[in-house]
Ligand SMILES: Nc1ncnc2c1ncn2[C@@H]1O[C@H](COP(=O)(O)OP(=O)(O)O)[C@@H](O)[C@H]1O
Ligand SMILES: [Mg+2]
């Protein structure tokens, strides 16, 4: 397994947010985590990345224990993060935001090819290299957040609700890009409320409810499950 | 007379500007007014006095004082402020901590060096240039040159280097910076180091100018420099420069034309008036003062 989460428990003070979560992501996969608002998806991502500390359990990445690591050490290990709410640097330009994404990279040639890769995936960003990120549209900021995470040339990308609040044409574009990035060899853990799109784009999926995994399996099977159809897909 | 006072004020204002950048740099990254910065400035001046007296030369002496004071800034953050950040303490806890640190530094200086005012040797040649009825001392000219040079170096660091980019990223979104591989605590240490260096240069210049040094010298100077930073727009380096110059010139004018009783208040009157018109200061950005 590339990324394994075992019995992960997280509290916010007295709030018990993750109650023993197990998930696995294998090299090359797109795995999605779906679940309603407040289920604990972001908490799971933040606990994996060390932004929030777990009280119990273990996270391993490529067989190395990374439980409660400092977030800044993750990039060096090959983990790229596009956080919930995009979190771009509003007063830095598009190019500077991308440069920050490659902060740990020292090889100029590698940084260059990072820009090329991102601009090829998202030509809209290329037209706006000198624009302040805060003045971009929501969709463009999302592209920037994903692009920034790619700049360190990660082996796995953790994406938290990349389609949140985007116009439908952007939603399609972002999901297409995620599949394209996966084809380039990047493993993807995708957190989504847009269960339809997420399940259609993924290999496997986990359903998170109240801080627990309530269901897991092939994305197709999950999408066809009557309970999922009813609760998350607006069907049935 | 007027022009003469403007020149005197500009030289003095450069000193304030160099202290003000320390407030601005730290505020930018931590959204915290570091009230120990005035004491750090005094520490820098005292260290310069000490290291220069070791007779390795003035420049090596000041350089050593810069490093010592920069390290003091790092130590203050590591020992007293970083633990508070780790515990996500309210900002008011950090604020009172910086006030406490200020008193501790001043107190230690008094214990080890004594509270009396001592003579600081001039660092530049004592010659004076006279144009018409205005006379400018070499010290004043050099104060301006050195300050502008340091300001330029700081601007280059912040806007043209990788660590400067990291400083700006941490200033805007420390959580995201951390996720992108930036060791935010290292960047904060670096910022305290820069602030300490600038304060030492200010300390050496101003002490050399007045030829006097004492542990409490940072109190009023620190407050005025803080006023200068807010006046210019805290977080902005050009703002710190402009604010410092305004405070310096107004102080010099007040002392001459209103009498020395008004020396310390005119700068604050200007500060209040500017803030009523421009709440974020002259070069202030809305985003940065919104905590
Ligand atoms: N910083 C926080 N402090 C306290 N409680 C939080 C915090 N972040 C999230 N929570 C709580 O933890 C639970 C899970 O939230 P979250 O992980 O954000 O859910 P999701 O991403 O699935 O919408 C919710 O009950 C939420 O209110
Ligand atoms: Mg969430």
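Residue numbers (my numbering), protein chains in the order written: chain A, 81 to 316; chain B, 349 to 639. All C-beta atoms in this analysis are idealised placements derived from N, C-alpha and C, irrespective of residue type, glycine included.
Exercise for the section: Pull up the DSSP beta-bridge partners for residue 145 (chain A), would you. Expected result: Indexing the first chain from 1 puts residue 145 (chain A) at position 65. Paired residue(s): A:140.
Practice task
Output the distance between the C-alpha atoms of residue 251 (chain A) and residue 171 (chain A), rounded to the nearest integer angstrom.
Solution key: Position 171 of the first chain, counting from 1, holds the residue named residue 251 (chain A). Position 91 of the first chain, counting from 1, holds the residue named residue 171 (chain A). C-alpha separation (whole angstroms): 25 Å.
Handout entry: Closer than 6 Å: residue 122 (chain A) CB and nearest ligand 2 heavy atom
Key = Counted from its first residue, the first chain places residue 122 (chain A) at position 42. Result yes, Cβ under 6 Å from ligand 2.
Exercise for the section: Would you list the residues sitting across from residue 86 (chain A) in a DSSP beta bridge? Expected result: Here residue 86 (chain A) corresponds to residue number 6 of the first chain, with the count starting at 1. Bridge pairing for residue 86 (chain A): A:138 [DSSP].
Exercise for the section: Report whether the distance from the Cβ of residue 137 (chain A) to the nearest heavy atom of ligand 1 is below 6 Å. Expected result: Translated into the one-based positions of the first chain, residue 137 (chain A) becomes position 57. Flag unset: Cβ of residue 137 (chain A) not near ligand 1.
Exercise for the section: Using three-state DSSP, classify residue 170 (chain A) as helix, strand or coil. Expected result: In the first chain, residue 170 (chain A) corresponds to position 90, counting from 1. It is coil, neither helix nor strand.
Problem - Backbone secondary structure at residue 318 (chain A) - three-state DSSP - result: No answer is possible for residue 318 (chain A): it lies beyond the span of chain A, which begins at 81 and ends at 316.
Practice task
May I ask you to check if the CB of residue 95 (chain A) is nearer than 6 Å to at least one heavy atom of ligand 1?
Solution key: Numbered from its first residue, the first chain carries residue 95 (chain A) at position 15. Yes.
Exercise for the section: Jot down the residue ranges of each uninterrupted alpha helix (DSSP H) in the region 257-305 of chain A, minimum 4 residues, whole runs only, in chain order. Expected result: 275-281, 299-304
Exercise for the section: Apply the 10 Å Cβ neighbour rule to residue 437 (chain B) and answer buried if 16 or more other Cβ atoms are within range, or exposed otherwise. Expected result: Here residue 437 (chain B) is taken as the residue at index 89 of the second chain, counted from 1. Residue 437 (chain B) is exposed by the Cβ-count criterion.
Exercise for the section: Report back the beta-carbon spacing between residue 410 (chain B) and residue 396 (chain B) to the nearest angstrom; my notes put them in contact at under 8 Å. Expected result: Working through the second chain from its first residue, we reach residue 410 (chain B) at position 62. Working through the second chain from its first residue, we reach residue 396 (chain B) at position 48. At roughly 5 Å, the Cβ-Cβ gap stays under 8 Å, so residue 410 (chain B) and residue 396 (chain B) are in contact.
Problem - Secondary structure of residue 594 (chain B), DSSP reduced to three states - result: In the second chain, residue 594 (chain B) corresponds to position 246, counting from 1. Three-state result, residue 594 (chain B): helix.
Problem - Of the listed residues B:383, B:576, B:457, B:407, nearest to residue 552 (chain B) (C-alpha basis) - result: Here residue 552 (chain B) refers to the residue found at position 204 when the second chain is read from its first residue. Residue B:407 is the option with its Cα nearest to residue 552 (chain B).
Practice task
Decide if the region 245-259 of chain A is in contact with the region 142-152 of chain A; the criterion is three or more beta carbon pairs, one per stretch, under 8 Å apart.
Solution key: They do not touch, by the three-pair rule.
Problem - Span separating the alpha-carbon of residue 110 (chain A) from that of residue 162 (chain A) - result: Numbered from 1 along the first chain, position 30 holds the residue referred to as residue 110 (chain A). Numbered from 1 along the first chain, position 82 holds the residue referred to as residue 162 (chain A). Straight-line Cα distance between these residues: approximately 15 Å.
Practice task
Indicate whether residue 288 (chain A) and residue 240 (chain A) have their beta-carbon atoms separated by less than 7 Å.
Solution key: Within the first chain, numbered from 1, the residue matching residue 288 (chain A) stands at position 208. Within the first chain, numbered from 1, the residue matching residue 240 (chain A) stands at position 160. Going by C-beta atoms, residue 288 (chain A) is not nearer than 7 Å to residue 240 (chain A).
Practice task
Kindly indicate which three-state DSSP category residue 104 (chain A) falls into: helix, strand or coil?
Solution key: As a position in the first chain, residue 104 (chain A) is number 24, starting the count at 1. For residue 104 (chain A), the three-state secondary structure derived from DSSP is strand.
Problem - the region 529-536 of chain B / the region 509-519 of chain B touching (three or more Cβ pairs under 8 Å) - result: Touching, yes, given that three or more Cβ pairs across the two stretches are closer than 8 Å.
Exercise for the section: Could you please give the first and the last residue of the uninterrupted beta strand (DSSP E) stretch that includes residue 240 (chain A)? Expected result: Numbered from 1 along the first chain, position 160 holds the residue referred to as residue 240 (chain A). Going by DSSP, residue 240 (chain A) is part of the beta strand (DSSP E) stretching over 236-240.
Problem - Sheet register partners of residue 466 (chain B) (DSSP bridge) - result: Position 118 of the second chain, counted from the first residue, corresponds to residue 466 (chain B). Per DSSP, B:561.
Practice task
Examine chain B for any beta-carbon lying closer than 7 Å to the beta-carbon of residue 155 (chain A), and answer yes or no.
Solution key: Against the first chain, residue 155 (chain A) aligns to sequence position 75. Yes - at least one Cβ of chain B is within 7 Å of the one on residue 155 (chain A).
Problem - Residue range of the alpha helix (DSSP H) that includes residue 423 (chain B) - result: By one-based count along the second chain, residue 423 (chain B) stands at place 75. Here the alpha helix (DSSP H) through residue 423 (chain B) covers 406-424.
Handout entry: Under the three-state DSSP convention, the category residue 535 (chain B) falls into
Key = Here residue 535 (chain B) refers to the residue found at position 187 when the second chain is read from its first residue. Collapsing the DSSP output to three states places residue 535 (chain B) in a helix.
Problem - Contact under 7 Å by Cβ, residue 376 (chain A) with residue 580 (chain B) - result: Since the first residue shown for chain A is 81 and the last is 316, residue 376 (chain A) is missing from the structure and cannot be characterised.
Exercise for the section: With DSSP collapsed to three states, give me the class of residue 129 (chain A). Expected result: The residue labelled residue 129 (chain A) in the question sits at position 49 within the first chain. The three-state reading of DSSP puts residue 129 (chain A) in coil, since its state is none of H, G, I, E or B.
Exercise for the section: Could you tell me the boundaries of the beta strand (DSSP E) in which residue 110 (chain A) lies? Expected result: For this step, residue 110 (chain A) is matched to residue 30 along the first chain. Residues 110-114.
Handout entry: Unbroken beta strand (DSSP E) run spanning residue 399 (chain B), endpoints
Key = The residue labelled residue 399 (chain B) in the question sits at position 51 within the second chain. It is not in any beta strand (DSSP E) - residue 399 (chain B) instead sits in the alpha helix (DSSP H) that spans 385-401.
Handout entry: Contacts of residue 192 (chain A) in chain B (Cβ-Cβ under 9 Å)
Key = For the purposes of this step, residue 192 (chain A) is taken as the residue at position 112 of the first chain. Those do not exist, as residue 192 (chain A) stays about 15 Å from chain B at its closest Cβ, beyond 9 Å.
Exercise for the section: Measure from the C-beta of residue 580 (chain B) to each C-beta in chain A and report whether the shortest distance is under 7 Å. Expected result: Residue numbering aside, residue 580 (chain B) sits at position 232 when the second chain is read from its first letter. No, no contact with chain A.
Exercise for the section: Give a yes or no on whether the minimum CB-CB distance between residue 141 (chain A) and chain B is below 7 Å. Expected result: By 1-based counting over the first chain, the position of residue 141 (chain A) is 61. Cβ-Cβ to chain B under 7 Å: no for residue 141 (chain A).
Problem - Three-state secondary structure assigned by DSSP to residue 183 (chain A) - result: One-based indexing of the first chain puts residue 183 (chain A) at position 103. Residue 183 (chain A): coil per DSSP, three-state reduction.
Practice task
Verify the CB distance criterion: does residue 520 (chain B) have a CB-CB separation below 7 Å to chain A?
Solution key: Locating residue 520 (chain B) in the second chain gives position 172, where the first residue counts as 1. Output row for residue 520 (chain B): interface = yes.
Practice task
Report the three-state DSSP secondary structure of residue 457 (chain B) (helix, strand or coil).
Solution key: If you number the second chain from 1, residue 457 (chain B) lands on position 109. The answer is helix: DSSP assigns residue 457 (chain B) an H, G or I state.
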